[in-house]
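Here is the structure we will look at, set down as C-alpha cells.
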Amino acid sequence: MDHTLDADLALKDSAMVGDEKFLISTIKMEVRHSWLNQHENVFVYETMVFEDIQGKIQYQKPVFYKRYANCEEAKVGHEETLKNIEKIIRTTRECRARLS
C-alpha cells in the first residue's frame, strides 16, 4: 500500500475515567531514521493516550500507545481505545504498579 496517497490522519477525543480526563490522539507519522536510506516516505499510524491534568496535556508521559500499519487499522484502533478507555487506564496502572 502506498501510504503517501493516504490523507493525513489526526483524530482527537477526550474521555473521562472517574474524575480524570484523558486525551486520545491518533495520527499518521513519518518514520525518519536518517541513517537508513530505505526509509523515505514510510509512515506508521499511532494512537496515544495522555492524561490531562488541570487543562495541561501530559505529552511527555503517555499512558498508552499502539501503532498500526495503515489508516483503516488506526481508525478502528482509535475507536476501540475510546470505547475501552477505562479498562486501558486500569490495566496500565496495574501493570506499572507491579513493575515498581
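When the letters of the sequence shown are read in order and numbered with my numbering, they come out as residues 126 to 225. The beta-carbon is built from N, C-alpha and C at its ideal position, and this holds for glycine as well. Keep in mind the model is a prediction, meaning the values are calculated, not measured.
{"Item": "Does DSSP put L136 in a helix, in a strand, or in coil?", "Value": "strand"}
{"Item": "Given D133, which residues of its chain have a CB within under 6 Å of its CB, disregarding the five upstream and five downstream residues?", "Value": "K153"}
{"Item": "Which runs of the alpha helix (DSSP H) fall wholly inside the stretch 147-218 and span at least 4 residues, in chain order?", "Value": "196-208"}
{"Item": "Going by beta carbon distance, what residues of the same chain come within less than 8 Å of K186, once the five residues before and after it are set aside?", "Value": "F175, E176"}
{"Item": "Helix, strand or coil, according to DSSP, for D127 in the structure here?", "Value": "Unreliable positioning characterises D127 in this predicted model, as indicated by a pLDDT of 43, which lies under 50. A coordinate reading is not provided."}
{"Item": "Determine the closest residue to Y193 out of E205, G180, I213, E145, with distance taken between C-alpha atoms.", "Value": "E205"}
{"Item": "Between the C-alpha atoms of M141 and V167, what's the straight-line distance to the nearest angstrom?", "Value": "34 Å"}
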